[in-house]
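K.L.:
Residue numbering for the sequence shown follows the numbering used here, beginning at 186 and increasing consecutively. Heads up, the beta-carbon is just placed ideally off N, CA and C, and yes, glycines get one too. Just so we're clear, the structure is a prediction, and the values are computed from it rather than from any experiment. This is the structure, below, for whatever I ask next.
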Amino acid sequence: MFIKKILIASAIATTSLFAATAYQNQIGFLTNGQKQMAVIDAAGQDIVFKDESGKEVLTVKAPDTAFWAPAGEGASLVDFSELNVPGTYQAFVGDEVIGHPIVIGDNAFEEIAKASIKFFYFQRCSMELTEEFAGKYARAMGHPDTAVRYHEELNKEAFSTFYGAKGWYDAGDYGKYIVNSGISTYTLLQLYKQNSEYFNKLNLNIPESNNDVPDLLDEIRWNLEWMLTMQDVDGGVFHKLTTKQFSGEVMPAQDVRVRFAIGKSITATWNFVAVMAVAADIYYKYDPEFATKCAKAAEFAYAWGLAYPNEKFVQPKDVGTGTYTDNSATDERIWAAAELYRISRNPGFKAKMQEVPMFHSRTFLQSWSSTYMLTAYTVATNPDYYDAADVDSANYLVKTLADKYIAQLEHNGYGVALDETDFYWGSNGGAANKGMALIHAYILTKDEKYYNAAVGLLDYLLGRNPLDKSYLTGFGVNKVMHPHHRPSTADGIEDPVPGMLAGGPNKTANDTRECKVDYLDEKAPAKSYLDDKCSYASNEVAINWNAPFAYLSGSLQAIASTGKTYDVSGKSAEFELSKIAKSHNALAPVRPGQKLMVRDNSVQVKKTDIKGNIKFFDMNGKTAK
Ligand code: 9MR
Numbered sequence: 186m187f188i189k190k191i192l193i194a195s196a197i198a199t200t201s202l203f204a205a206t207a208y209q210n211q212i213g214f215l216t217n218g219q220k221q222m223a224v225i226d227a228a229g230q231d232i233v234f235k236d237e238s239g240k241e242v243l244t245v246k247a248p249d250t251a252f253w254a255p256a257g258e259g260a261s262l263v264d265f266s267e268l269n270v271p272g273t274y275q276a277f278v279g280d281e282v283i284g285h286p287i288v289i290g291d292n293a294f295e296e297i298a299k300a301s302i303k304f305f306y307f308q309r310c311s312m313e314l315t316e317e318f319a320g321k322y323a324r325a326m327g328h329p330d331t332a333v334r335y336h337e338e339l340n341k342e343a344f345s346t347f348y349g350a351k352g353w354y355d356a357g358d359y360g361k362y363i364v365n366s367g368i369s370t371y372t373l374l375q376l377y378k379q380n381s382e383y384f385n386k387l388n389l390n391i392p393e394s395n396n397d398v399p400d401l402l403d404e405i406r407w408n409l410e411w412m413l414t415m416q417d418v419d420g421g422v423f424h425k426l427t428t429k430q431f432s433g434e435v436m437p438a439q440d441v442r443v444r445f446a447i448g449k450s451i452t453a454t455w456n457f458v459a460v461m462a463v464a465a466d467i468y469y470k471y472d473p474e475f476a477t478k479c480a481k482a483a484e485f486a487y488a489w490g491l492a493y494p495n496e497k498f499v500q501p502k503d504v505g506t507g508t509y510t511d512n513s514a515t516d517e518r519i520w521a522a523a524e525l526y527r528i529s530r531n532p533g534f535k536a537k538m539q540e541v542p543m544f545h546s547r548t549f550l551q552s553w554s555s556t557y558m559l560t561a562y563t564v565a566t567n568p569d570y571y572d573a574a575d576v577d578s579a580n581y582l583v584k585t586l587a588d589k590y591i592a593q594l595e596h597n598g599y600g601v602a603l604d605e606t607d608f609y610w611g612s613n614g615g616a617a618n619k620g621m622a623l624i625h626a627y628i629l630t631k632d633e634k635y636y637n638a639a640v641g642l643l644d645y646l647l648g649r650n651p652l653d654k655s656y657l658t659g660f661g662v663n664k665v666m667h668p669h670h671r672p673s674t675a676d677g678i679e680d681p682v683p684g685m686l687a688g689g690p691n692k693t694a695n696d697t698r699e700c701k702v703d704y705l706d707e708k709a710p711a712k713s714y715l716d717d718k719c720s721y722a723s724n725e726v727a728i729n730w731n732a733p734f735a736y737l738s739g740s741l742q743a744i745a746s747t748g749k750t751y752d753v754s755g756k757s758a759e760f761e762l763s764k765i766a767k768s769h770n771a772l773a774p775v776r777p778g779q780k781l782m783v784r785d786n787s788v789q790v791k792k793t794d795i796k797g798n799i800k801f802f803d804m805n806g807k808t809a810k
């Protein structure tokens, strides 16, 4: 109605000299939050904001243009935060409409937070999606994964199988990869933990919505249960569960080829340890038995990690699915140790964490391959659990990283903390992860500049970008319509599954051969994007991009709704775990003829000598009874 009125008004208006263009968040702004738009060709002009009745409610003079390298152009960053009454508004330059309708409300981010979490339900493997919860996206069950084979290189008995059901599909493909699953699960667990008051009440309309557990935790458990199935009998964790090659563009139920556990890796194993430890803490309140299972699985995997510290993932020659190859496992190792220490208070784990001087210059934004910051977040937000020096260092790391992003906002006409180095495969996930770092800085300092910078990144993802694109499917005036996502391609429904964050602009444009369109914009990395299903390098969706988006939108909304940030003096659940000595090699190497196992409720190594005598050793190498 309002839009129609405006269109009529602009149609009869005399043509203005300047056709200013405005880029803005197309979904909504929090009533009392920061509100900005990037306006091109408008420096010095009055930007007039009108309400639905056409009444002028605010005028802001557009500041000077400031260049933003990723866009290859400048813009005036117009701040209209003063507009703080819920409603729908429109910006004008003279008589000309600029930008899209501006929606202001107390719950502006709630629907996108919910949709981006609901995405995980749509990605559920081994489950039929019914109309009750999936609406028009209902689909048959795919990939039961009840009899998964082992890839030949794992040297298991031929044709033997294991139960590897549940979990979330990784992305546009139907694979399940531990490393990527781990960071996504962790990110959602943090979202819950840091905003539990808000999420305890949030209904996601999923099959478990009527039980006594918060829906977000129900959703996460679907994946944790799969991750647990990926632990081998010796404690190590398989790297991935996929077919040997990617499937065609079919629905899950049509992809019936054999699925395999492929590789057993140190990165998957450390990652599993950390995530299971975090899960043990959070689920203890709702299901102590499940929580204990997670803690014990973490401990067993940790022992494997000590025994096989160099088992990198190597993609077998006959496999073509995603690799998630990572050459350094040091970051995952200290993350695992830090999380196990928190849930056990066992000083051996703390000593392991301190073996690596992480707290110096390791300010690398978290990603599937880099988890240093995750250790910093844990240590900084659990100050009662760690040594004061480590807590100080973790605080320093979080603040240093966040301040780097704040500095990127200077003389930046788009007001977005991204620079030209940020446009890699999954750049939108990176932007959301930057938001996660900034929210941690806000939790630790309460300085609003960090909160506002995180809002700026959310605004970017929802339309304040040089393509005027909302990268979240199902939301926005100009939204992504053709993501690289097999179900959305194969289901015959025009609209893609909603709530999915597209990977985003990618200046390395690795898929131009398949796409036959050169979408690389040398001068404007933020424009190197193609809304076509062929573009897996710029338009795929993935759980590790949606998770930080859910974290970003969900945390910003929860903080606004409750008026509270996470209380860092909170306590963790505690579990009785093996005592591990400081020595890094207590268990290594586990030689042929020796076996890692759980015995008498603790992790032990079974050694058989040449005479056939059997002895058991504990995790410190001492003889066990
Ligand atoms: O997110 C991954 C990105 O960092 C890598 O550059 C890229 C190429 O190796 O792979 C991305 O992950 C894909 C995974 O390998 C398979 N499932 C889809 C993932 C998203 O594109």
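Between which two residues does the beta strand (DSSP E) holding T793 run?
P.N.:
Your numbering for residue 793 matches position 608 in the sequence shown. Note, T793: beta strand (DSSP E), S787 to T793.
K.L.:
Note down, in chain order, each residue of its chain lying with its Cβ closer than 7 angstroms to the Cβ of E434, except the 5 sequence neighbours on either side.
P.N.:
The residue given as residue 434 occupies position 249 in the sequence shown. Counting only Cβ-Cβ distances below 7 angstroms, and skipping sequence neighbours, we find R671, T674 and A675.
K.L.:
From this set, Q209, G213 and T206, which residue's C-alpha is nearest S738's C-alpha?
P.N.:
Taking the sequence shown and counting its residues from 1, one reaches residue 738 at position 553. For S738, the nearest C-alpha among the options comes from G213.
K.L.:
Are the beta-carbon atoms belonging to A602 and G641 less than 8 angstroms from one another?
P.N.:
Residue 602 sits at position 417 when you count from the first residue of the sequence shown. Residue 641 sits at position 456 when you count from the first residue of the sequence shown. Against a cut-off of 8 angstroms, the Cβ pair of G641 and A602 comes out as a contact.
K.L.:
So, under 8 angstroms CB-CB, S432 and Y359 are touching, yes? Tell me the CB distance rounded to an integer number of Å.
P.N.:
Here the question's residue 432 lines up with position 247 in the sequence shown. Here the question's residue 359 lines up with position 174 in the sequence shown. With 8 angstroms as the limit, S432 and Y359 qualify as a contact, their Cβ atoms being about 6 angstroms apart.
K.L.:
Please report the residue range of the alpha helix (DSSP H) in which M461 lies.
P.N.:
Residue mapping note: residue 461 aligns to position 276 of the sequence shown, counting from 1. Taken as a continuous stretch (DSSP letters only), the alpha helix (DSSP H) holding M461 covers I451 to Y468.
K.L.:
For the beta strand (DSSP E) containing V224, list its first residue and its last residue.
P.N.:
Counting from 1 along the sequence shown, the entry for residue 224 is found at position 39. Segment Q221 to I225, the beta strand (DSSP E) holding V224.
K.L.:
Using only the alpha-carbon positions, how far apart do T808 and D604 sit?
P.N.:
Taking the first residue of the sequence shown as 1, we reach residue 808 at position 623. Taking the first residue of the sequence shown as 1, we reach residue 604 at position 419. One C-alpha to the other measures close to 56 angstroms.
K.L.:
Is it a yes or a no for the segment 718-730 touching the segment 342-362, going by three-plus beta-carbon pairs under 8 angstroms?
P.N.:
Output reads yes: the segment 342-362 touches the segment 718-730.
K.L.:
Using only the heavy atoms of ligand 1, determine whether one of them is closer than 7 angstroms to the beta carbon of L420.
P.N.:
As a working note, residue 420 is residue 235 in the sequence shown. Per the sequence presented here, residue 420 reads as Gly, with Leu not at that position. The answer is no for G420.
K.L.:
Can you give me the C-alpha to C-alpha distance between Y704 and D752, rounded to a whole angstrom?
P.N.:
By 1-based counting over the sequence shown, the position of residue 704 is 519. By 1-based counting over the sequence shown, the position of residue 752 is 567. If I take the Cα positions, the gap works out to 45 angstroms.
K.L.:
Determine which residues share a DSSP beta bridge with W353 and list them.
P.N.:
Numbered from its first residue, the sequence shown carries residue 353 at position 168. Its beta-bridge partners are R309.
K.L.:
Can the beta-carbon of V458 be found less than 8 angstroms from the beta-carbon of Y487?
P.N.:
As a first step, residue 458 must be located in the sequence shown, where it is residue number 273. As a first step, residue 487 must be located in the sequence shown, where it is residue number 302. A contact, by the Cβ cut-off of 8 angstroms.
K.L.:
Within 7 angstroms: the Cβ of W610 and any heavy atom of ligand 2?
P.N.:
Ligands displayed in this structure: ligand 1; ligand 2 is not among them.
K.L.:
Run the CB neighbour count on G748, radius 10 Å, all protein chains shown included, and call it buried at 16 or more, exposed below.
P.N.:
Against the sequence shown, residue 748 aligns to sequence position 563. Flag for G748 reads exposed.
K.L.:
I need the boundaries of the alpha helix (DSSP H) containing K502, first residue and last residue.
P.N.:
The residue labelled residue 502 in the question sits at position 317 within the sequence shown. First-last for K502: undefined, no H or E at that position.
K.L.:
Where do the N-terminal and C-terminal ends of the alpha helix (DSSP H) with V583 fall, by residue?
P.N.:
Counted from its first residue, the sequence shown places residue 583 at position 398. That run of the alpha helix (DSSP H) goes A573 to A592.
K.L.:
For A205, tell me which candidate among Y383, A711 and S261 has the shortest Cα-Cα distance.
P.N.:
Reading the sequence shown from its first residue, position 20 is the one you call residue 205. The option with the nearest alpha carbon to A205 is S261.
K.L.:
May I ask you to list the residues that DSSP assigns as paired with G806?
P.N.:
As a working note, residue 806 is residue 621 in the sequence shown. Paired residue(s): none; G806 is not in a bridge.
K.L.:
Can you determine whether any heavy atom of ligand 1 sits closer than 7 angstroms to the C-beta of G290, and answer yes or no?
P.N.:
As a first step, residue 290 is located in the sequence shown; it is residue number 105 there, counting from the start. Incorrect: G290 has no Cβ contact closer than 7 angstroms to ligand 1.
K.L.:
With N269 and T331 assumed to form a contact (beta carbons below 8 angstroms), what rounded beta-carbon distance in angstroms separates them?
P.N.:
Counting from one through the sequence shown, the residue named residue 269 turns up at place 84. Counting from one through the sequence shown, the residue named residue 331 turns up at place 146. Wrong, their Cβ atoms sit about 54 angstroms apart, outside the cutoff.
K.L.:
What's the call for D607, buried or exposed, on a 16-neighbour Cβ count within 10 Å?
P.N.:
For this step, residue 607 is matched to residue 422 along the sequence shown. The residue in question, D607, is buried, as its Cβ has 16 or more Cβ neighbours within 10 Å.
K.L.:
Under the three-state reduction of DSSP, which class applies to A743: helix, strand or coil?
P.N.:
Numbered from its first residue, the sequence shown carries residue 743 at position 558. A743: helix per DSSP, three-state reduction.
K.L.:
If you draw a straight line from the alpha carbon of N567 to that of Q416, how long is it in whole angstroms?
P.N.:
For the purposes of this step, residue 567 is taken as the residue at position 382 of the sequence shown. For the purposes of this step, residue 416 is taken as the residue at position 231 of the sequence shown. Distance between the alpha carbons of N567 and Q416: 28 angstroms.
K.L.:
Where does the unbroken alpha helix (DSSP H) through G614 begin, and where does it stop?
P.N.:
Counting from 1 along the sequence shown, the entry for residue 614 is found at position 429. G614 -> alpha helix (DSSP H) spans S612 to T630.
K.L.:
Is D698 helix, strand or coil when you go by DSSP?
P.N.:
Your numbering for residue 698 matches position 513 in the sequence shown. According to the sequence as given, residue 698 is Arg; it is not Asp. DSSP places R698 in helix when its eight states are reduced to three.
K.L.:
Going by the CB atoms, is the gap between A709 and P651 shorter than 8 angstroms?
P.N.:
Looking up residue 651 in the sequence shown gives position 466. Looking up residue 709 in the sequence shown gives position 524. A contact, by the Cβ cut-off of 8 angstroms.
K.L.:
Please state whether DSSP places L389 in a helix, a strand or coil.
P.N.:
The residue you call residue 389 lines up with position 204 of the sequence shown. Three-state result, L389: coil.
K.L.:
If I measure Cβ to Cβ from Q308 and keep anything under 6 angstroms in the same chain, skipping five residues before and after, which residues do I get?
P.N.:
As a working mapping, residue 308 is identified with position 123 in the sequence shown. W353 and Y354.
K.L.:
Quick one: is the Cβ of D355 within less than 7 angstroms of any heavy atom of ligand 1?
P.N.:
In the sequence shown, counting from the first residue as 1, residue 355 sits at position 170. Yes - ligand 1 has a heavy atom lying nearer than 7 angstroms to the Cβ of D355.
K.L.:
Can you check whether the CB of T454 is closer than 8 angstroms to the CB of F421?
P.N.:
If you number the sequence shown from 1, residue 421 lands on position 236. If you number the sequence shown from 1, residue 454 lands on position 269. The sequence given here places Gly at residue 421; Phe does not occur at that position. Yes, the pair counts as a contact, with Cβ atoms nearer than the cut-off.
K.L.:
Could you tell me whether any non-hydrogen atom of ligand 1 is closer than 7 angstroms to the CB of E725?
P.N.:
Within the sequence shown, numbered from 1, the residue matching residue 725 stands at position 540. For ligand 1, at least one heavy atom lies less than 7 angstroms from the Cβ of E725.
K.L.:
Within 10 angstroms of the Cβ of E404, are there 16 or more other Cβ atoms? Answer buried if so, exposed if not.
P.N.:
Position 219 of the sequence shown, counted from the start, is the residue given in the question as residue 404. E404 comes out buried.
K.L.:
I'd like to know whether the C-beta atoms of D644 and N210 end up nearer to each other than 8 angstroms.
P.N.:
Within the sequence shown, residue 644 is the residue found at index 459, counting from 1. Within the sequence shown, residue 210 is the residue found at index 25, counting from 1. Their beta carbons are under 8 angstroms apart, which means D644 touches N210 by this criterion.
K.L.:
Taking 7 angstroms as the cut-off, is the CB of T508 close to at least one heavy atom of ligand 1?
P.N.:
As a position in the sequence shown, residue 508 is number 323, starting the count at 1. Yes, ligand 1 has a heavy atom inside 7 angstroms of this Cβ.
K.L.:
For R649, does the three-state DSSP call read helix, strand or coil?
P.N.:
Indexing the sequence shown from 1 puts residue 649 at position 464. Three-state result, R649: coil.
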